[in-house]
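Shown next, in structure tokens, is the structure this report addresses.
There are 4 protein chains.
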Amino acid sequence: MPNIDRSFLQIQSLGECLIQSPLEESEVRFVSDEEAVLLEREYTKLVEMQKTNGQIPVFEVAGPRRMLFHNPHWSKAAILTAGGLCPGLNNVIKSLTLALKSYGVPLVYGIPYGYAGLNPNCQTKPITLDRETVDDIHEQGGTILGSSRGAQDPVVMLETLVRMDINMLFCVGGDGTLRSAHAIAEEAAKRKLNISVIGIPKTIDNDISYMDRTFGFETAVYATNSVIVAAHNEAKGAYNGIGLIHVMGRDSGFIAAYAALANTHVNYCLVPEEKFNLEEGPNALLPHLMDRLARRKHAVIIVAEGAGQDLMAGEREIDKSGNVLHKNIGMFLKQKIKEYADAHHVEVNIKYFDPTYQIRGIPAIGADAVLCHLLAQNAVHAAMAGRTDMVIAQWGDGFTHVPIPVAVKERKKIDPNGTLWRSIRLGTWQ
Amino acid sequence: MPNIDRSFLQIQSLGECLIQSPLEESEVRFVSDEEAVLLEREYTKLVEMQKTNGQIPVFEVAGPRRMLFHNPHWSKAAILTAGGLCPGLNNVIKSLTLALKSYGVPLVYGIPYGYAGLNPNCQTKPITLDRETVDDIHEQGGTILGSSRGAQDPVVMLETLVRMDINMLFCVGGDGTLRSAHAIAEEAAKRKLNISVIGIPKTIDNDISYMDRTFGFETAVYATNSVIVAAHNEAKGAYNGIGLIHVMGRDSGFIAAYAALANTHVNYCLVPEEKFNLEEGPNALLPHLMDRLARRKHAVIIVAEGAGQDLMAGEREIDKSGNVLHKNIGMFLKQKIKEYADAHHVEVNIKYFDPTYQIRGIPAIGADAVLCHLLAQNAVHAAMAGRTDMVIAQWGDGFTHVPIPVAVKERKKIDPNGTLWRSIRLGTWQ
Amino acid sequence: MPNIDRSFLQIQSLGECLIQSPLEESEVRFVSDEEAVLLEREYTKLVEMQKTNGQIPVFEVAGPRRMLFHNPHWSKAAILTAGGLCPGLNNVIKSLTLALKSYGVPLVYGIPYGYAGLNPNCQTKPITLDRETVDDIHEQGGTILGSSRGAQDPVVMLETLVRMDINMLFCVGGDGTLRSAHAIAEEAAKRKLNISVIGIPKTIDNDISYMDRTFGFETAVYATNSVIVAAHNEAKGAYNGIGLIHVMGRDSGFIAAYAALANTHVNYCLVPEEKFNLEEGPNALLPHLMDRLARRKHAVIIVAEGAGQDLMAGEREIDKSGNVLHKNIGMFLKQKIKEYADAHHVEVNIKYFDPTYQIRGIPAIGADAVLCHLLAQNAVHAAMAGRTDMVIAQWGDGFTHVPIPVAVKERKKIDPNGTLWRSIRLGTWQ
Amino acid sequence: MPNIDRSFLQIQSLGECLIQSPLEESEVRFVSDEEAVLLEREYTKLVEMQKTNGQIPVFEVAGPRRMLFHNPHWSKAAILTAGGLCPGLNNVIKSLTLALKSYGVPLVYGIPYGYAGLNPNCQTKPITLDRETVDDIHEQGGTILGSSRGAQDPVVMLETLVRMDINMLFCVGGDGTLRSAHAIAEEAAKRKLNISVIGIPKTIDNDISYMDRTFGFETAVYATNSVIVAAHNEAKGAYNGIGLIHVMGRDSGFIAAYAALANTHVNYCLVPEEKFNLEEGPNALLPHLMDRLARRKHAVIIVAEGAGQDLMAGEREIDKSGNVLHKNIGMFLKQKIKEYADAHHVEVNIKYFDPTYQIRGIPAIGADAVLCHLLAQNAVHAAMAGRTDMVIAQWGDGFTHVPIPVAVKERKKIDPNGTLWRSIRLGTWQ
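Protein chains in written order, with this note's numbering: chain A, 12 to 441; chain B, 12 to 441; chain C, 12 to 441; chain D, 12 to 441.
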């Protein structure tokens, strides 16, 4: 076997693990630090990697360790949720709490309104989480802790943690949230504070690198289906009816793409990863659409919020978390289709759908609920073993540790030449 | 007992019923033309009516007659759906078809795209409906026939009916649709043509007079609930979060009102029937909202599309069906709340929901599906008995006949001094 | 107008109302004691009633009174839920609590596990209900108070109320529950105690007399639909497939009947109100079923739990609440169909469904949620005005008061010769 | 890199591929026969494999080939579904049809009622499938083709294929179905007939080896959730309430296990893979349950149909497909709990749920719908390239080919010492 390379995915540790875990062999499968899982599973790519680097990259495997860094009985944990809503937040909060209680951690705080809750100026107060508090929350959408966007000063936040004597911080959120978690972890390292900062990656768009799937994504695909059904009904219910659906997907079009694969009534799937033209050129949407209407009298279009940004003139804006705010491609398309149809004397009936907030706010369904539970359990195992500045990631049929800076370096995107996108091409317009 | 007054609600008949019904006593309860049901059930109002008019108004009772006007075996029926989508359209189409087949009508046409399908210029062709064609359609939203807005020339349409030898036309639609049905019925009467024109009233807003409930309404209230849940989750998920939901209800706010009663998380319910002020006056929304945010940190607002029209400057537009097109009060409110909050240095997080098309396009749920089935059966009974220029209406625990001109004279509205609205006031802001 | 007869539906009052209501004219429409609503709306039946009795029966109208019997500020209320689960219980609990709080009642107790909670031997303790406690409960199925079956000694229960100083008791439950409420009210009257005992009728079967609809019923019809869809899929998915669905309906088959009207894929609807034979006679199920299979290769049957009891030999059992326990007609039918098919050398594939507990345990949907809210508000209004030994009933488009003994005297049933059942006959086998 | 071993997972091919694919580079990513994907991703296991065998096993990668064996324009395909219903069958049928049409296959037959439809004695006739026929079917549960259990003579079936001139057969089904497909493929090979027999593995239990996930499984986990919610509500709604849920899982408890992870209200999860005792021993269920009731007053139990078979005396039965028919462990447990509680003078209220058929009959949700689509596309690609006697399998983030005999050799099971089961132990009783 080739040599393996751990350096690239090396996880920070607070120190040696000297405390015996209170969990029992019969309850958990203890993981050894020697275990590793390949980044890549395709043989030809592996061969290539080895040729190039002499070795192949592996992940540290997530799971409970026999020896712990933190003494659970002397520990205090804090949980916060930041960024936009995502199905499964409450599942994560519940399962983090239950897992911490399984270890015997006496105090678990819920920090209100994300990082704002760690800034004393915001004058919020933490909630104490226990088995009773969290009992039913996994059946509700949203987050019982509230959330907020935007960064806070890591120094200020760290000082709050120190003041509250917190030695484990769990940050549930997306890119921005994880970057702030990294800043806190770095500041703590600088001061040699033994605080484990563990991220649970949250992106309904499924666009964080080095992980197969993030929680909330499958629920989003699931929930988009009823919108596609309604859009198809509206499209067929009117002469030259067009159902136009605008879904989440700022940089990556996974929701749009999977929703289109899941319901083959979608005729056009527009994502940020593949440019298209409106009126002219080989890839022009509008002439093709008119042609389809002439033949079939109806069409269903799904468009990710980040698609076609180049078509819209003007400046981009940035939100508090540093995300690029896109112009609304959905409304833009609606107008352009109308104009083009009018210009060609075609009557069209466009019905516009934007289910964004209805999808974000529902409870996680089956597969996502399981994912939340296992991410949370593994996050607690990682914290207990003194890991820090890392996220838990689902990879293949297991879970791994990924350094935060690696996870947030670049977004995962649909490969326009890959299997997924080609499967869509085979079935839709593209 | 006082004398009863049938004149006001008198139904047009094509002539004497001389054909024995093929239905059997064991299958149906035959209705006698003498049966009548009171318009009013409250004793004091009845007393008043009698004092004023000397008699009290009653409806003709819907149901199968022992003797028919049309001979089923020589009949040809046509069904069309017009106006916007509404849950239950396919149920009505299926149940009309099945009931016509029960009578033995050999040919049932589905007319595509509403009244446009009766205009030869539109070059559509009718579908033949039978048990096989309609077998599964009640489980789908939308309408298998398609729909369209806008009137067509009644003379042209009548000529199509004559050319196709159709003696029963079932028009499923709202005000505009029913007015066109009336125009066809009048034109047919003028020419002494024995064509029964029967309306099945369709208004998701539940705003047609002289009927308790129209199909699709309960499904709309049901479907609005998940939006309220999501809006509440979004509102609680952010600091000073506001979930703002824009629902159907052009002239009458029944959907908003019932949805607010059904989910007591709604704090503000805004309907066309009750004016409100934004910033000043005893009924001012924005100061009250800021006050609530200060206390509770979140709020849920539901607003019917026809509410607060006086607050928005500028001209009204009219759509093809003659409906007044309202400016979007939802978007307007969103902007006004933001401006007011900014002006008062309050941070707010507004999430906007417009589930209109998602609600219209779903299949009818339980109670509505039953209603569709019974409306359709009774519409066929009425047509068979030679009734025309009328709609079927649900009234109390039964069904009645209502002349089209009476049904469309004015819209049913929430009485701001009535029990329904006061129940909302007791629970919400108003 | 004829004379009206209040005697039959006369409500018990604790005494004169001398306290001014704290509710305001702008929030509620005050109801006068003179208002009345006709029991009957059909003109011919009214004429007949008057001929027979010289007068026609009316209900007392529900709603807020301007003058109260109980002083809200000195009041203590208790709420209990008894009998089987039903969608909407938590809605009723929430809305009772909110309405009591609107009046200013300082203490509202939730009694755990139904009447058992009023028996000191059961050693439960009451929960204090307030706006916070009940905030989210309407979005959950079940009852936060728990429930139990079976009666307790009214003397013991009354003594608990007296000991706790409770002057308003709200009992949410079916026949058995209401009879116990009546027993408490009678015992209180005997001792001249000013305790208002108000029932909120709960029967998912919709079988309590003198009310159009009880909460939970529409949710049950709604929820049965997905089972019918699955049963139809199973039936069509196998050669000579039969989907056999067993639903609630001990004495009355309303759920089965409405579910069959709501989804016209049902071919056989069996209810307690109409006898049927298995093998022989004009109404024999099995030969007809075999005939249908030969023609259509599949069938869907819905059977209410109380149907066909005469076909099953042996004794009846009685449960703790005094309900007759029926043998399981669903399992019996399954076996009989199999035997008959085998005997006639017909291969059949029977799939059996019993969704009872899945339906009972879900949250109330739209129309039921509204009903719960309005029943609860009106129950509080009635209690405040010193009414007792009564239930709130939905009647026409409003709410009325009905004496408990009248409501529970006999069950509401489907009239086999009425319109509802004949509508089913027209579409199914019967 | 170590040598790879293809022998173990070698796929049968009908012959050399000489026909140019009609698909275009822009629509699909063509796969080379050299591509391979590792069976194993864990580094330590790989090292061990290499030590033992000198090489490591890899799969053939699924996907479109540039060169085809069958000429699409001269091809005739047939699709059949066999065994029990499973969410996604219609999606597979639709996507197979669409993919075959993309290649230009002129005739696609749907074979009714599984393998029975290939036996002339059963006197069914095939349906012609095209874009119109399959347009809406993915939104319905069940299978439009119907299904059946039990094997047919492979010689008879092959002769039907030959008579109909079919050169591609797609068999959607479980173990039994795949074994029959293998028998047909073997018989065809014996006669040197160029027929591609491709299996699409269907097991709602997710228990076929060499594949991560089979379609329908996630929908089953999703659909089980509402049953758990109802069971929890029933359990909390009664004193010492027990919600007992019986789910699918004849040999493998994946549905029970994932459902328990997805909804942490489950307290006991019983699967075939782990034995348990009832009354005595360290692992005894009933004493633990009584103890929990004493503390928490309610419990939720989920039990897979194949669990605890050793506890039930008597003989096993075998169904037509050769599956071992299990005694109903759910009903057995219900009785044993009751008896044990009675013997210990504990009042319990057990509510029993068996949602099996309600879950099987629903449409596939998001992730499963995508899986069905991609399995079907890849199945068509495999058939076109002349592969036979194989199934398409989801593996990691891609799709592979697996020889039928390998796939059906033994069932995939939960490893009681693995991570999944230990995660459940950490949260539930076990």
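For every residue, glycine included, the Cβ atom is placed at its ideal position computed from N, Cα and C.
For residue j and residue i, the rounded distance between their alpha carbons
i              : j              : result
R6 (chain C)   : Y351 (chain D) : No statement about residue 6 (chain C) is possible, as the shown extent of chain C runs from 12 to 441 and does not include it.
M259 (chain D) : S434 (chain C) : 38 Å
F181 (chain B) : V208 (chain B) : 6 Å
L255 (chain A) : K247 (chain B) : 30 Å
V167 (chain D) : V58 (chain D)  : 48 Å
L179 (chain D) : I155 (chain D) : The sequence given here has Met at residue 179 (chain D), not Leu. Answer to the nearest angstrom: the Cα atoms are 20 Å apart.
K8 (chain D)   : H299 (chain C) : An answer regarding residue 8 (chain D) cannot be provided, because it is not within the stretch 12 to 441 covered by chain D.
N360 (chain A) : D164 (chain B) : 22 Å
A310 (chain D) : P13 (chain D)  : 52 Å
K420 (chain B) : A268 (chain C) : 35 Å
G184 (chain D) : E245 (chain A) : 35 Å
M401 (chain A) : S18 (chain A)  : 14 Å
Check: residue i C-beta below 7 Å from any heavy atom of the ligand ADP
i             : result
E51 (chain B) : Looking at this structure, you won't find the ligand ADP or any other ligand, since it has none at all.
CB contact below 8 Å: residue i versus chain B
i              : result
L129 (chain A) : no
From the options, residue whose alpha carbon lies closest to that of residue i
i              : options                        : result
A88 (chain B)  : B:T135, B:R160, B:I177         : B:I177
Y114 (chain C) : C:K423, C:M401, C:H392, C:K56  : C:H392
P427 (chain D) : D:R261, D:K286, D:Q163, D:T144 : D:K286
A354 (chain D) : D:Y368, D:R202, D:L297         : D:L297
C280 (chain C) : C:S263, C:E290, C:E291         : C:S263
I148 (chain C) : C:G161, C:E197, C:R174, C:P98  : C:P98
G187 (chain C) : C:K349, C:I373, C:P68, C:S158  : C:S158
Y221 (chain D) : D:N339, D:K423, D:T139         : D:K423
Cβ of residue i within 8 Å of any chain F Cβ
i             : result
G94 (chain D) : Looking for chain F here will not work: the only protein chains present are A, B, C and D.
Interface flag, residue i vs chain A, CB-CB below 8 Å
i              : result
G152 (chain B) : yes
8 Å Cβ cutoff, residue i in contact with chain C
i              : result
G341 (chain D) : no
E229 (chain B) : yes
N251 (chain B) : no
Closer than 8 Å to chain D by CB, residue i
i              : result
N244 (chain A) : no
V167 (chain C) : no
V359 (chain C) : no
A271 (chain C) : no
(request) Check whether the region 71-85 of chain B touches the region 408-422 of chain B, counting contact only when three or more Cβ pairs, one atom from each stretch, lie closer than 8 Å. (result) With a cut-off of 8 Å on Cβ pairs, the region 71-85 of chain B is in contact with the region 408-422 of chain B, counting three or more such pairs.
(request) Would you be able to state if there are at least three C-beta pairs under 8 Å between the region 388-404 of chain B and the region 22-29 of chain B? (result) With the cut-off at 8 Å, the region 22-29 of chain B and the region 388-404 of chain B touch.
(request) Count the CB pairs spanning the region 208-217 of chain C and the region 226-244 of chain C that are closer than 8 Å, and state whether there are at least three. (result) Yes, they touch.
(request) Could you run through the region 364-392 of chain A and flag, in chain order, every residue whose CB is less than 7 Å away from some CB of chain D? (result) The residues in question are I376, G377, A378, A380, V381, H384, L385, Q388.
(message) Residues of the region 109-129 of chain B in Cβ contact with chain C at a cutoff of 9 Å, in chain order, please.
(response) Under the 9 Å Cβ criterion, the region 109-129 of chain B contributes L109, A110, S113.
(request) Say whether the region 80-100 of chain D touches the region 60-71 of chain D, bearing in mind that this needs 3 or more beta-carbon pairs closer than 8 Å, one atom from each stretch. (result) Contact between the region 80-100 of chain D and the region 60-71 of chain D is absent, with fewer than three C-beta pairs closer than 8 Å.
(message) Does the region 28-37 of chain B come into contact with the region 29-41 of chain C, if we say contact requires no fewer than three beta-carbon pairs (one atom in each stretch) closer than 8 Å?
(response) At 8 Å Cβ cutoff, the stretches do not touch.
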